[in-house]
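Numbering (this note's numbering), first residue to last: 10 to 87.
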């Protein structure tokens, strides 16, 4: 059986330069890690991943670079 291609969208990660920073009493970094763990558990690999919304809350280069590294580890086009 051939699987239909599918994609994953991750939105509004709100990362900060300091990964321990909280936003509205939520820790964005561990939430992203949990979401990426769920992607790894999927039956099959997504054809690609869309990352949208507020990727960084503080606009820091480090937060964008860390997000990119984390998503690239999935081995799926972004």
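A virtual CB, placed ideally from N, CA and C, is assigned to each residue, including glycine.
Looking only at its own chain, which residues have a Cβ that is under 6 Å from the Cβ of residue i, when we skip the five neighbours before and after it?
i: residue 59; result: 18
i: residue 14; result: 56
Assuming residue i contacts residue j (C-beta within less than 8 Å), just tell me the rounded distance between them.
i: residue 76; j: residue 24; result: 6 Å
i: residue 41; j: residue 83; result: Incorrect: roughly 12 Å between the Cβ atoms, too far for contact.
How should residue i be labelled, buried or exposed, when 16 other C-beta atoms within 10 angstroms of its C-beta is the threshold for buried?
i: residue 20; result: exposed
i: residue 80; result: buried
Using C-beta distances below 7 Å, list every residue in its chain close to residue i, excluding the 5 sequence neighbours before and after it, in chain order.
i: residue 2; result: Past the edges of the chain, shown from 10 to 87, lies residue 2, and the structure says nothing about it.
i: residue 63; result: 21 and 23
Keeping to the same chain, check which residues put their C-beta closer than 8 Å to that of residue i; ignore five residues upstream and five downstream.
i: residue 66; result: 23, 24, 25, 30, 32, 37 and 72
i: residue 53; result: 12 and 15
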